[in-house]
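A.B. asks: Let me begin by handing over the structure; questions about it come next.
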Amino acid sequence: MELKRISRYVWAITAVVGVMSLMAYLYNHARAMQGSFTVLLENIVLATMSYYLLFFLFLLIIRYAILIFYSFMDHLEALYKGRKPTVGIYRDDSLLPMISLVVPAYNEGVVIQAAIRSLLLLDYPNYEILVIDDGSTDDTYEKAMAVAQEQDKIPVRVITKRNAGKAEALNTGMSVARGEFILNMDGDSKLSSNTLRACVRHFDDPSIGAVAGNVKVINRENIWSKIQALEYVEGLAMARKAQSFMRAVNIIPGPLGMFRKTVLKQVGGYDHDTFAEDCDLTLKMLMCGWHIAYEPTAVAWVETPSSLLNLLKQRYRWTRGILQATSKHSQALWQPRKAGVNCFILWYMLFEGIMWPFSTLLGNIFFAYVGIQYGLSTLLFLWWMQLTVLDVVAAAYCVVIEEEDPALIFYAVTFRLFYINIIDVSKVFATIEEWRGNTMTWGKLDREGKL
Amino acid sequence: MDLVSILATVILVTTIGTMIIGVGAYAAFKLRDKRKPKRKVTDELQGDKIINEPIFLKRYVPESISETSPDAS
Numbered sequence: 013m014e015l016k017r018i019s020r021y022v023w024a025i026t027a028v029v030g031v032m033s034l035m036a037y038l039y040n041h042a043r044a045m046q047g048s049f050t051v052l053l054e055n056i057v058l059a060t061m062s063y064y065l066l067f068f069l070f071l072l073i074i075r076y077a078i079l080i081f082y083s084f085m086d087h088l089e090a091l092y093k094g095r096k097p098t099v100g101i102y103r104d105d106s107l108l109p110m111i112s113l114v115v116p117a118y119n120e121g122v123v124i125q126a127a128i129r130s131l132l133l134l135d136y137p138n139y140e141i142l143v144i145d146d147g148s149t150d151d152t153y154e155k156a157m158a159v160a161q162e163q164d165k166i167p168v169r170v171i172t173k174r175n176a177g178k179a180e181a182l183n184t185g186m187s188v189a190r191g192e193f194i195l196n197m198d199g200d201s202k203l204s205s206n207t208l209r210a211c212v213r214h215f216d217d218p219s220i221g222a223v224a225g226n227v228k229v230i231n232r233e234n235i236w237s238k239i240q241a242l243e244y245v246e247g248l249a250m251a252r253k254a255q256s257f258m259r260a261v262n263i264i265p266g267p268l269g270m271f272r273k274t275v276l277k278q279v280g281g282y283d284h285d286t287f288a289e290d291c292d293l294t295l296k297m298l299m300c301g302w303h304i305a306y307e308p309t310a311v312a313w314v315e316t317p318s319s320l321l322n323l324l325k326q327r328y329r330w331t332r333g334i335l336q337a338t339s340k341h342s343q344a345l346w347q348p349r350k351a352g353v354n355c356f357i358l359w360y361m362l363f364e365g366i367m368w369p370f371s372t373l374l375g376n377i378f379f380a381y382v383g384i385q386y387g388l389s390t391l392l393f394l395w396w397m398q399l400t401v402l403d404v405v406a407a408a409y410c411v412v413i414e415e416e417d418p419a420l421i422f423y424a425v426t427f428r429l430f431y432i433n434i435i436d437v438s439k440v441f442a443t444i445e446e447w448r449g450n451t452m453t454w455g456k457l458d459r460e461g462k463l
Numbered sequence: 683m684d685l686v687s688i689l690a691t692v693i694l695v696t697t698i699g700t701m702i703i704g705v706g707a708y709a710a711f712k713l714r715d716k717r718k719p720k721r722k723v724t725d726e727l728q729g730d731k732i733i734n735e736p737i738f739l740k741r742y743v744p745e746s747i748s749e750t751s752p753d754a755s
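Residue numbers (the numbering used here), protein chains in the order written: chain A, 13 to 463; chain R, 683 to 755.
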């Protein structure tokens, strides 16, 4: 651990020395042009920043273009498959395998009954529900038991255990599950009725180890949750679909993921050493060579944070969790031949997790400085406009593909106007804290029971 | 003042404002997190004792077994 800490600081010192050497080199060049030191230094910094931001913008445009292209290809593939006659192992009702639904619940008393009741309505002939009460201090266990006792058709088992985190709860579910497939979800999710049938079809392909579901926001009540609804739509309809086309989905979302039980056991279930256990598990499966598919018609409706502080708490945990998971599998970053597409996935995650928030924040500070110092606020407007155009195009595409509410496109403007600035600040701080190795807690969100 | 200049000023003010709000909100979130009551006894302090405790607090006994068990009679 200490060695890791020292290595981090060595890297940081190397980076600082590198940047200073580059500055010294550029300064020598600038001196040749003659002028005062401060003017020269400012020139160098502004020029370097401009080139960096241009490079970042170029990467961003490429990213959007590739994701939209591959996502559209995946959409076409799904349409084509939909037209083909259905022949497969998991089609006939009598042959459908048993699926165990694992619902980890920690202080979900407000929503647990609605969640279980919605699971009892799923359109599938052979499944069981396992509620794992992770040592809740509220009445989650009693409420779950009440629904379980009402049931005589679909087996509902409620297991209570000492509080040890979501990963441990999901592992408990895996060990007691009777089904050939396991569907892991959150205690506060509500699934669409076709979920099990839609997901299980993907396992006709023996190389598929897991299926990631679609996640949508149910509590679209204020501007925060509406922008998050758009974020989810964009993240899934564009990024996840594109990844699915490459059979390399990088995160099986916590609210809805179906796994082969054998594969879950092969990779050792969920680990406890990251705060993004779903991302970590997905990376473990990818590293073992399993493919992961995405099923857009299997929808999990989730409640998102509707207040700013709760939202920051969630994003803080996600940012640090994803960085922890990426760091855990970082050996693949430097082995493109061996890791193949997984190497690309990890670099992409670093781009989204670190480079993107740092660069947009840097761009804002840079253009705000130029605007105030030189009265060139038009540059900031143009910078903002370019990013907003990308966001609006992506939002429009995703809304059409997902057949979502067109009003969401409007939120792409507010997303860029204030939302992402606030989130990026939090992401940058979270990254710095992760780098420094600050301790953190799980950060359980307070549920409002909107399901 | 033309439209672009007005929009540019609006964006400038909004950008600076939201970055300040971002820092403030982050500080508030951290402060709120710190002020939450902590566990009285952590798992680390309990050491081996907690590891030896059973994970399941209530033993799961299928109904068919509980009906025929000696305790039931």
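A virtual CB, placed ideally from N, CA and C, is assigned to each residue, including glycine.
Computed from a prediction, not measured in an experiment: that's the story for all the values here.
What are the start and end residues of each continuous alpha helix (DSSP H) run of 4 or more residues lying completely inside the region 49-113 of chain A, in chain order?
C.D. replies: DSSP runs (the alpha helix (DSSP H)) wholly in the region 49-113 of chain A: 49-95.
A.B. asks: Chain R beta carbons: is any one of them nearer than 7 Å to that of A:Thr152?
C.D. replies: Judged by the 7 Å Cβ criterion, A:Thr152 is not in contact with chain R.
A.B. asks: My understanding is that A:Ala351 touches A:Ala288, with C-beta atoms under 8 Å, so please give their C-beta distance in whole angstroms.
C.D. replies: About 19 Å separates the two Cβ atoms, so there is no contact after all.
A.B. asks: May I have the straight-line CA-CA distance separating R:Ala710 from A:Leu321, to the nearest angstrom?
C.D. replies: Spanning the two alpha carbons is a distance of roughly 8 Å.
A.B. asks: Measuring only between beta-carbons, confirm whether R:Ile688 sits less than 7 Å from chain A.
C.D. replies: Taking Cβ atoms only, chain A never reaches closer than 7 Å to R:Ile688, which makes this a no.
A.B. asks: For A:Asp403, count neighbouring Cβ atoms within 10 angstroms of its own Cβ and tell me buried if that reaches 16, exposed if not.
C.D. replies: That one is buried.
A.B. asks: Under 7 Å between C-beta atoms, does R:Ile693 make it to chain A?
C.D. replies: Yes, its Cβ sits closer than 7 Å to a Cβ of chain A.
A.B. asks: Straight-line CA distance for A:Trp330 to A:Val29?
C.D. replies: The straight-line gap from Cα to Cα measures roughly 31 Å.
A.B. asks: Please tell me whether A:Leu132 has its Cβ less than 7 Å away from any Cβ of chain R.
C.D. replies: Taking Cβ atoms only, chain R never reaches closer than 7 Å to A:Leu132, which makes this a no.
A.B. asks: What residues of chain A sit near R:Arg717, judged by a beta carbon separation below 8 Å?
C.D. replies: Within 8 Å Cβ-Cβ: nothing; R:Arg717 doesn't reach chain A, min ~12 Å.
A.B. asks: Measure from the C-beta of R:Ala707 to each C-beta in chain A and report whether the shortest distance is under 7 Å.
C.D. replies: Chain A, which has a Cβ nearer than 7 Å to the Cβ of R:Ala707, makes this yes.
A.B. asks: Among residues of its own chain, excluding the 5 on either side of A:Ser438, which ones have a beta-carbon nearer than 7 Å to its beta-carbon?
C.D. replies: Hits under 7 Å: Leu324, Arg327, Tyr328.
A.B. asks: How about A:Phe393: is its C-beta nearer than 7 Å to some C-beta of chain R?
C.D. replies: Closer than 7 Å: yes.
A.B. asks: Using three-state DSSP, classify R:Gly706 as helix, strand or coil.
C.D. replies: DSSP places R:Gly706 in helix when its eight states are reduced to three.
A.B. asks: For A:Ala241, count neighbouring C-beta atoms within 10 Å of its own C-beta (all shown protein chains included) and say buried if the count is 16 or more, exposed if not.
C.D. replies: The residue in question, A:Ala241, is buried, as its Cβ has 16 or more Cβ neighbours within 10 Å.
A.B. asks: With H, G and I counted as helix, E and B as strand and the rest as coil, what does DSSP make of A:Leu142?
C.D. replies: Strand at A:Leu142.
A.B. asks: Could you name the residues that DSSP lists as bridge partners for A:Trp236?
C.D. replies: Per DSSP, none; premise fails for A:Trp236.
A.B. asks: Against chain A, does R:Ile703 count as a neighbour if the rule is that its beta carbon must be under 7 Å from one of theirs?
C.D. replies: Cβ-Cβ to chain A under 7 Å: yes for R:Ile703.
A.B. asks: Please report the Cβ distance between A:Gly269 and A:Gly301, rounded to the nearest whole angstrom; I am assuming they are in contact, meaning their Cβ atoms lie under 8 Å.
C.D. replies: 18 Å between Cβ atoms; not a contact.
A.B. asks: When you compare only the Cα positions, how much space is there between R:Ile733 and A:Gln347?
C.D. replies: Residue placement at R:Ile733 is poorly supported in this model, since its pLDDT is 48, which falls under 50; the coordinates still yield a value, given next. When rounded, the distance between both Cα atoms is 39 Å.
A.B. asks: Output, in sequence order along the chain, the residues in the region 317-332 of chain A whose CB is closer than 8 Å to any CB in chain C.
C.D. replies: Absence of chain C from the displayed structure is noted, the protein chains being A and R.
A.B. asks: Going straight from the alpha carbon of A:Ile128 to that of A:Met197, what length do you get?
C.D. replies: Their backbone Cα atoms lie some 11 Å apart in a straight line.
A.B. asks: Where does A:Val437 sit, in a helix, a strand or coil, going by DSSP?
C.D. replies: Of the three classes helix, strand and coil, the one that applies to A:Val437 here is helix, per DSSP.
A.B. asks: Give every residue of the same chain whose Cβ lies closer than 7 Å to the Cβ of A:Val440, excluding the five residues on either side of it in the sequence, and list them in chain order.
C.D. replies: For A:Val440, where only same-chain residues beyond five positions count, the Cβ hits under 7 Å are Pro369, Phe370, Leu373.
A.B. asks: With a CB to CB cut of under 7 Å and the five nearest residues on each side skipped, what residues in its chain are close to A:Val227?
C.D. replies: So the qualifying residues of the chain are Tyr244, Leu248, Pro265, Pro267, Leu268, Ala312, Val314.
A.B. asks: Tell me whether A:Lys173 sits in a helix, a strand or coil according to DSSP, three-state version.
C.D. replies: In this structure, A:Lys173 counts as strand in the three-state DSSP scheme.
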